[in-house]
Amino acid sequence: MIPPRERLLQLARLAGVQAFRERFGPPQAAQPGAAELRAFVAARLDEIARRLVEEAAASDDVVDRASAAAYLEDRLATLGDLLSKEQAARVRRAFADRTSAW
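Count along the sequence shown from 1, add 19, and you get the number used in our numbering.
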């Protein structure tokens, strides 16, 4: 299991470190509440999905849509409850749209 701080750092990177910093302060020390964090994630879902697609494209393990989908599921599992089920579903849809030609 990835420590909570590491998961928060990963989310900050995916959502945009500057946007995260403006909202919560430095990600290394931030302690956002669950509701605040979910609101931030909701506002940044497109950015999160875009960066996950970029990560998948750069990964040597991703060679087609199926492996891209597996990569995404692994990343969503890593983020755990930082995203609500609905937010994770929206990221999946955006990711699938962006990788449909793979």
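Backbone N, C-alpha and C fix where the C-beta goes; we use that ideal spot for every residue, glycine too. None of these values were measured; they are calculated from a predicted model.
Worksheet item: What are the complete alpha helix (DSSP H) segments, minimum 4 residues, inside the stretch 64–106?
Response: 64–77 and 84–98
Worksheet item: Over what stretch of residues does the alpha helix (DSSP H) that includes A38 continue unbroken?
Response: Numbered from its first residue, the sequence shown carries residue 38 at position 19. First-last of the alpha helix (DSSP H) with A38: V36 to F43.
Fill in: Distance, E41 Cα to L91 Cα
Counted from its first residue, the sequence shown places residue 91 at position 72. Counted from its first residue, the sequence shown places residue 41 at position 22. Cα to Cα, L91 sits roughly 27 Å from E41.
Item to complete: Can you grab the Cα-Cα spacing for the pair Q37 / R63, in whole Å?
Response: By one-based count along the sequence shown, residue 37 stands at place 18. By one-based count along the sequence shown, residue 63 stands at place 44. For Q37 and R63, the distance between alpha carbons rounds to 12 Å.
Fill in: the stretch 100–114 in contact with the stretch 55–75 per 3-pair CB rule at 8 Å
yes
Worksheet item: What's the gap between the Cα of L95 and the Cα of A34?
Response: Here residue 95 refers to the residue found at position 76 when the sequence shown is read from its first residue. Here residue 34 refers to the residue found at position 15 when the sequence shown is read from its first residue. Distance between the alpha carbons of L95 and A34 is about 13 Å.
Fill in: Delimiting residues of the alpha helix (DSSP H) encompassing A49
The residue given as residue 49 occupies position 30 in the sequence shown. Premise fails: A49 is in no alpha helix (DSSP H) and is neither H nor E.
Practice prompt. Report the three-state DSSP secondary structure of P22 (helix, strand or coil).
Written response: The count along the sequence shown starts at 1 and reaches residue 22 at position 3. It is coil, neither helix nor strand.
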